[in-house]
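There are 2 protein chains.
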Amino acid sequence: MTSTQRLTDRKREAIIQAAIAEFRANGFVATSVDKVAARAEVSKRTLYNHFPSKDELFAEILRVLWRSSSSQEEVPYRTNAPMRAQLLELLMQKMALLADDSFLDLARVAIAAFIHSPERAQDMINRLGQKEGGLYGWIRAAQKDGRLKPGDTSLAAQQLESLVKGAAFWPQVTMGQPKLSTREQRKLASAAVDLFLSHYAV
Amino acid sequence: MTSTQRLTDRKREAIIQAAIAEFRANGFVATSVDKVAARAEVSKRTLYNHFPSKDELFAEILRVLWRSSSSQEEVPYRTNAPMRAQLLELLMQKMALLADDSFLDLARVAIAAFIHSPERAQDMINRLGQKEGGLYGWIRAAQKDGRLKPGDTSLAAQQLESLVKGAAFWPQVTMGQPKLSTREQRKLASAAVDLFLSHYAV
DNA sequence: TGAAAAGTAAACTGCTCAGTGTATGATTGA
DNA sequence: TCAATCATACACTGAGCAGTTTACTTTTCA
């Protein structure tokens with residue numbers, strides 16, 4: 444072979460990249476297969492040899508974006524580390540995910556698809572939700588360790604999460620607001636932790 | 444006339460109602476004028492006699508939804524009333540708006556339109572945002588009155604708002620989650636106010 | 001009551017789109 | 001080198017869409 448990959452693999456990759464760009468820019472309905480093929484510099488027939496339909500192509504794009512945003516490690520609860528620092532780290536990590544371009548693309552595409560056809564993106568949204576377990580586990584551990592007030596763990600996790608997402612996710616996803624700078628992220632996380640600990644710290 | 448309204452008024456109303464339903468269900472691109480006309484039990488030509496184009500019809504729908512969700516009065520800050528009760532009332536009022544069907548429809552349609560074509564819904568989104576001024580004014584007044592810690596008013600307002608919207612607006616708008624019951628609303632508002640006052644009360 | 005205003009059905013234009021069929025040329029790996 | 005695999009160009013089908021035209025009927029109101 445004359446290149447690093449077989450031709451067919453390069454073509455497939457070009458199609459996927461083009462499809463991501465087009466779906467992202469125009470959504471599912473307004474994206475035409477012809478335009479994707481043109482952008483990928485691939486014949487329409489080749490595209491259809493790789494993907495049996497527009498729906499299948501869309502599903503594959505969701506899978507690709509999903510995988511590329513799936514590299515997050517958990518921050519475990521540590522008995523001996525200070526609460527504030529641990530929570531800060533947790534929130535900063537969460538915001539890193541929320542501000543990740545792949546994740547944002549995924550969320551936007553999924554939400555756009557969802558608003559119009561619930562069934563299409565339902566499982567994707569379920570997976571999105573399940574990915575956010577981190578906070579719950581940490582809070583539960585801290586409660587058991589006696590360093591956070593016992594009580595409704597889900598509610599506490601939801602509150603913490605809302606505080607972050609309300610400024611660092613929803614406006615960006617739904618209204619195209621600019622992403623927060625690292626400095627802004629730190630300020631937001633710090634304020635959220637202060638608020639949270641004022642009420643939940645033992 | 445044989446009825447409460449002139450025929451032409453009834454037809455116009457039927458078109459608007461059908462258009463709301465269709466745009467809401469399918470979004471702008473996937474909604475066909477033929478289907479709107481059929482749903483309204485109106486000939487296509489009649490529709491075009493009332494509205495010169497699909498874009499104009501869409502714009503009118505946004506205006507109608509906007510007006511029908513525009514009936515909110517302000518809750519003013521009162522020096523002599525207890526903080527907790529006042530905040531609760533404020534948040535419950537906010538949630539009433541967020542859970543209003545017209546407002547939800549408007550937000551969904553605007554967001555869907557936005558994700559695909561920023562310019563189309565930009566001004567609508569601006570107006571949506573401006574409608575949420577209430578919290579800021581109240582907090583600022585309470586700060587000046589010495590009953591809330593002075594500090595970053597916008598941040599405090601944003602936090603309070605995030606706490607509410609994170610559970611009572613974004614999941615409903617973007618993911619079709621069911622609306623909160625009044626009981627759930629009260630619990631959410633109560634928890635948000637507790638958290639808020641733990642940190643901000645003097 | 002009668003003319004103007006509004007509604008109707010249905011066909012039609014010109015367009016875009018998803019997906020297929022085909023004949024031909026390039027790439028690959030044994 | 002050679003046969004199998006894959007890519008390409010392009011024409012085509014069948015469908016849906018926005019918007020228009022026409023010939024006709026119903027409603028309104030003075």
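Protein sequences, first through last, are from chains A and B.
Numbering follows my numbering, with no gaps: position 39 of the first sequence is 482.
Numbering follows my numbering, with no gaps: position 139 of the second sequence is 582.
Note that the Cβ used here is the ideal one computed from N, Cα and C, for glycine as well.
Which listed residue (Ala473/A, Phe501/A, Pro495/A and Val472/A) has its alpha carbon closest to that of Gln460/A:
On the first sequence, position 17 is the one that residue 460/A refers to. Taking only the C-alpha atoms, the option nearest Gln460/A is Phe501/A.
Using DSSP with H/G/I as helix, E/B as strand and the rest coil, what is Ala461/B?
Against the second sequence, residue 461/B aligns to sequence position 18. Note: Ala461/B maps to helix in three-state DSSP.
Below 8 angstroms on the Cβ atoms is my contact criterion, and I expect Phe639/B with Leu530/B to pass it. Report the Cβ-Cβ distance as a whole number of Å.
For the purposes of this step, residue 639/B is identified with residue 196 of the second sequence, where counting begins at 1. For the purposes of this step, residue 530/B is identified with residue 87 of the second sequence, where counting begins at 1. With 8 angstroms as the limit, Phe639/B and Leu530/B qualify as a contact, their Cβ atoms being about 7 angstroms apart.
Taking Ser624/B as the reference, which of Ala542/B, Gln601/B, Pro614/B and Ile458/B has the closest Cα?
If you number the second sequence from 1, residue 624/B lands on position 181. Ranking the options by Cα distance to Ser624/B, first place goes to Ala542/B.
Distance cutoff 8 angstroms, beta carbons only. Does Ala542/B sit that close to anything in chain A?
Taking the first residue of the second sequence as 1, we reach residue 542/B at position 99. False, the Cβ-Cβ gap to chain A never drops below 8 angstroms.
Per-residue burial, Asp637/B [other beta carbons within 10 Å of its own, 16 or more giving buried]
Working through the second sequence from its first residue, we reach residue 637/B at position 194. Classification of Asp637/B: exposed, given that the 10 Å Cβ count is below 16.
Can you find a C-beta in chain A that's less than 8 angstroms from the C-beta of Ser624/B?
To locate residue 624/B, count along the second sequence from 1; it is residue 181. No, its Cβ sits nowhere closer than 8 angstroms to a Cβ of chain A.
Chain-ordered neighbours of Gln601/B on chain A, where CB pairs are closer than 8 angstroms
In the second sequence, counting from the first residue as 1, residue 601/B sits at position 158. Under the 8 angstroms cutoff, chain A gives Gly609 and Ala610.
I'd like the list of long-range same chain contacts for Leu606/B, defined as Cβ closer than 6 angstroms, with 5 residues on each side in sequence excluded.
Start at 1 with the first residue of the second sequence, and residue 606/B comes out as number 163. Same-chain partners within the cutoff: Ala635.
Going along the region 462-478 of chain B in order, which residues come within less than 7 angstroms of chain A, judged by CB to CB distance?
Those residues of the region 462-478 of chain B that come within reach of chain A (Cβ to Cβ, closer than 7 angstroms) are Asn469, Gly470, Val472 and Ala473.
Mind listing the chain A neighbours of Leu606/B? Cutoff is C-beta to C-beta under 8 angstroms, in chain order.
Counted from its first residue, the second sequence places residue 606/B at position 163. In chain order: Gln602, Ser605, Leu606 and Gly609.
In terms of residue numbering, what span does the alpha helix (DSSP H) encompassing Phe612/A cover?
Walking along the first sequence from the start, residue 612/A turns up at place 169. Counting along the chain, Phe612/A falls outside any alpha helix (DSSP H), and DSSP gives it neither H nor E.
Mind reading off the beta-carbon distance from Thr522/A to Asp595/A? Whole number of angstroms is fine, and I expect it under 8 angstroms.
As a position in the first sequence, residue 522/A is number 79, starting the count at 1. As a position in the first sequence, residue 595/A is number 152, starting the count at 1. Contact check for Thr522/A and Asp595/A: beta-carbon distance about 23 angstroms, past the 8 angstroms limit, so the pair fails to qualify.
Can you pull the chain B neighbours of Trp613/A, defined as C-beta to C-beta under 7 angstroms?
Start at 1 with the first residue of the first sequence, and residue 613/A comes out as number 170. In chain order, Trp613 make up the part of chain B whose C-beta sits under 7 angstroms from the C-beta of Trp613/A.
Listed in chain order, which residues of the region 523-557 of chain A have Cβ atoms closer than 7 angstroms to some Cβ of chain B?
Close to chain B, meaning a Cβ-Cβ distance shorter than 7 angstroms, are the following residues of the region 523-557 of chain A: Arg551, Ile554, Ala555 and Phe557.
Verify the CB distance criterion: does Arg629/B have a CB-CB separation below 8 angstroms to chain A?
Your numbering for residue 629/B matches position 186 in the second sequence. Answer no: the Cβ-Cβ gap between Arg629/B and chain A never drops below 8 angstroms.
Please return the same chain residues whose Cβ sits closer than 6 angstroms to the Cβ of Ala632/A, not counting the five positions on each side in sequence.
Here residue 632/A is taken as the residue at index 189 of the first sequence, counted from 1. Once the five neighbours on either side are set aside, the close Cβ partners of Ala632/A are Leu531, Leu534 and Met535.
Taking C-alpha atoms, which residue in Ala556/A, Gln586/A and Ala610/A lies nearest to Ala599/A?
For the purposes of this step, residue 599/A is taken as the residue at position 156 of the first sequence. In this structure, Gln586/A is the residue among Ala556/A, Gln586/A and Ala610/A with its C-alpha nearest to the C-alpha of Ala599/A.
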